[in-house]
Amino acid sequence: MAGAPQRSGQWAQWNRREFVSRWRDVEPSNGPVSETLFAALKLQPGEHVLDIGCGGGQTTLDAAERVGASGAATGFDISEPMLEIARERARAHALGNVTFAAGDAQVESPPNGPFDAVMSRFGVMFFADPVAAFTNIRRQLRPGGRIAFASWQALGKNQWFPGAVLAKYRHGPPPDPGAPPQPGPFALAGEDYTRSILAAAGFTDISFHAHGYEWREPAKAVDGLLLEAMNLDTETKARAMADLEAHAASMTVDGVIRQERNYWIVTAANG
Ligand SMILES: C[S@@+](CC[C@H](N)C(=O)[O-])C[C@H]1O[C@@H](n2cnc3c(N)ncnc32)[C@H](O)[C@@H]1O
Numbered sequence: 057m058a059g060a061p062q063r064s065g066q067w068a069q070w071n072r073r074e075f076v077s078r079w080r081d082v083e084p085s086n087g088p089v090s091e092t093l094f095a096a097l098k099l100q101p102g103e104h105v106l107d108i109g110c111g112g113g114q115t116t117l118d119a120a121e122r123v124g125a126s127g128a129a130t131g132f133d134i135s136e137p138m139l140e141i142a143r144e145r146a147r148a149h150a151l152g153n154v155t156f157a158a159g160d161a162q163v164e165s166p167p168n169g170p171f172d173a174v175m176s177r178f179g180v181m182f183f184a185d186p187v188a189a190f191t192n193i194r195r196q197l198r199p200g201g202r203i204a205f206a207s208w209q210a211l212g213k214n215q216w217f218p219g220a221v222l223a224k225y226r227h228g229p230p231p232d233p234g235a236p237p238q239p240g241p242f243a244l245a246g247e248d249y250t251r252s253i254l255a256a257a258g259f260t261d262i263s264f265h266a267h268g269y270e271w272r273e274p275a276k277a278v279d280g281l282l283l284e285a286m287n288l289d290t291e292t293k294a295r296a297m298a299d300l301e302a303h304a305a306s307m308t309v310d311g312v313i314r315q316e317r318n319y320w321i322v323t324a325a326n327g
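Using the working numbering, read the sequence shown as starting at 57 and increasing by one per residue.
This is the structure in structure tokens:
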């Protein structure tokens, strides 16, 4: 691996233990995405696959089962607390063909490359320089290798995400509407933008497939964790919390939260 992970804002975010400690609750809501991701990736027994931003490693373990003992799966993530979850799961699964490694996919090379396939379930939207990052990711593939990843469609098609509710409480000037998207869940929401990033990074045969599902779970108390990093005074925090509760109530029917979630499965090839 080249160099130490970048201590960027994203590094700090994903290495906050309080934030990651809620991951096991959040992760199941991404579950329905895996089937479409694996259908697009078409893993074969014996292949070597890299899972970028593998988080708690569930998708890496699923990939390891698909490629079998003659293949291998490597999970790569910037977050040590996430990798702790992944390694704990790997021990429980006792699979001999899984590796988890810490590093920044924007600038570093994970072990075990080059790979036949790269995959990611919502782990590739957090790059400060997406063209440089996807160029680095493409270089982890053997010639003719392929990538498939899931990324969220626009915020307007993912009203479950509370970021828009909290936007008015954020400090600083509003974002320039003409500026490229900032790293975050919706950074690759625009099809034309993402296509241009992948093409500039050297990928070919780029295609997009739109998918959606409704995620349902029992209503629960609103988690104010997102507010903690916003440095709000007590009164403003209370107002923001009330907005979050109203937002959750707007998605709740008969005690069940119903969230409409829409995402892309993007596929491309290395040459
Ligand atoms: C939304 S989570 C998705 C986790 C996992 N793929 C899943 O679906 O359960 C995003 C993940 O990307 C990781 N991540 C963000 N920036 C990264 C980077 N530059 N290099 C590697 N991983 C990164 C985060 O640490 C986090 O685990």
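Beta carbons: idealized from backbone N, C-alpha and C, even for Gly.
Is Arg194 near ligand 2, in the sense that its beta carbon is under 8 Å from a heavy atom of that ligand?
-> Inclusion of ligand 2 in the displayed structure is not the case, the ligand content consisting of ligand 1 alone.
Please indicate yes or no: does the CB of Asp81 lie closer than 8 Å to some heavy atom of ligand 1?
-> No, Cβ of Asp81 sits at least 8 Å from all heavy atoms of ligand 1.
Do you know how far the Cα of Asp310 is from the Cα of Gln66?
-> Rounded to the nearest whole angstrom, the CA to CA distance from Gln66 to Asp310 is 37 Å.
Locate the beta strand (DSSP E) running through Pro199, then write down its first and last residues.
-> In the DSSP assignment, Pro199 falls within the beta strand (DSSP E) that extends over Leu197 to Trp208.
Using alpha carbons as the reference points, say which of Tyr225, Val174, Leu117 and Ala184 lies closest to Ala296.
-> Among Tyr225, Val174, Leu117 and Ala184, the Cα nearest to that of Ala296 is on Tyr225.
Check Ala304 in the structure and name its three-state DSSP category.
-> In this structure, Ala304 counts as helix in the three-state DSSP scheme.
Grouping DSSP H, G and I as helix and E and B as strand, with all else coil, what is Val105?
-> Three-state DSSP puts Val105 in a strand.
List the DSSP bridge partners of Glu270.
-> Per DSSP, Glu316.
For Asp261, which residues from the same chain have a beta carbon less than 7 Å from its beta carbon, with the 5 sequence-adjacent residues on both sides left out?
-> Counting only Cβ-Cβ distances below 7 Å, and skipping sequence neighbours, we find Ala324 and Ala325.
Could you check what DSSP says for Ala58 in three-state terms: helix, strand or coil?
-> Only weak support is given to the placement of Ala58: the predicted model assigns it a pLDDT of 42, under 50, and the question is left unresolved by the model.
At which residues does the alpha helix (DSSP H) containing Val187 begin and terminate?
-> Val187: member of the alpha helix (DSSP H) spanning Pro186 to Arg194, first to last residue.
Is the segment 263-272 close to the segment 307-321, with three or more CB pairs under 8 Å?
-> As far as the Cβ criterion goes, the segment 263-272 touches the segment 307-321, which means the pair count is three or higher.
Excluding the 5 residues preceding and the 5 following Ser263 in the sequence, name in chain order all residues of the same chain whose CB lies nearer than 8 Å to its CB.
-> Result list for Ser263: Val322, Thr323 and Ala324, in chain order.
Sheet register partners of His265 (DSSP bridge) | DSSP, once it has assigned bridges, lists Ile321 as partnering His265.
Would you list, in sequence order, the uninterrupted alpha helix (DSSP H) runs of no fewer than 4 residues that lie entirely inside the segment 97-159?
-> DSSP runs (the alpha helix (DSSP H)) wholly in the segment 97-159: 114-123 and 136-149.
Would a C-beta distance cut-off of 9 Å place Asn71 and Ile134 closer than the cut-off?
-> Their beta carbons are under 9 Å apart, which means Asn71 touches Ile134 by this criterion.
Ignore the nearest five residues each way along the sequence and tell me which others in Ile108's own chain have a CB closer than 7 Å to its CB.
-> Once the five neighbours on either side are set aside, the close Cβ partners of Ile108 are Phe132, Ala161, Val174, Ser176, Gly179, Val180 and Ile193.
Assign Ala58 to buried or exposed, taking buried as 16 or more other Cβ atoms, counted over all protein chains shown, within 10 Å of its Cβ.
-> Below a pLDDT of 50, predicted positions are generally treated as unreliable, and Ala58, at 42, falls in that range; the measurement from the model is reported next regardless. Label assigned to Ala58: exposed.
Same chain, Cβ closer than 8 Å to Gly327, neighbours up to 5 away in sequence not counted = If we look at Gly327 and ignore the five residues flanking it on each side, its Cβ neighbours are Pro199, Gly200, Gly258 and Thr260.
Could you tell me the distance, in whole angstroms, from the CA atom of Glu284 to the CA atom of Gly111?
-> For Glu284 and Gly111, the distance between alpha carbons rounds to 22 Å.
Taking just the CA atoms, how far does Phe205 sit from Ile313?
-> Distance between the alpha carbons of Ile313 and Phe205 is about 27 Å.
Would the C-beta of Gly65 count as close to ligand 1, meaning under 8 Å from any of its heavy atoms?
-> Remark: the shortest separation between the CB of Gly65 and any heavy atom of ligand 1 does not fall under 8 Å.
Can you tell which of Pro170, Thr92 and Ala120 has its C-alpha closest to the C-alpha of Leu197?
-> With distances taken between Cα atoms, Leu197 lies closest to Pro170.
From Phe94 to Gln100, what distance separates their C-alpha atoms?
-> Each residue's Cα considered, the two are about 11 Å apart.
Could you check which residue in Asp248, Asp118, Ala120 and Met138 has the C-alpha nearest to that of Asp81?
-> Per the Cα distances, Met138.
Would you call the segment 298-306 and the segment 238-248 in contact, with 3 or more CB pairs under 8 Å?
-> The segment 298-306 vs the segment 238-248: no contact.
Three-state secondary structure (DSSP) at Ala223?
-> Three-state result, Ala223: helix.
Ile203 CB to nearest heavy atom of ligand 1 below 8 Å | Remark: the shortest separation between the CB of Ile203 and any heavy atom of ligand 1 does not fall under 8 Å.
Going by C-alpha distance, which of Pro218, Ala235 and Ala146 is nearest Asp278?
-> The sequence shown places Val at residue 278, not Asp. Taking only the C-alpha atoms, the option nearest Val278 is Pro218.
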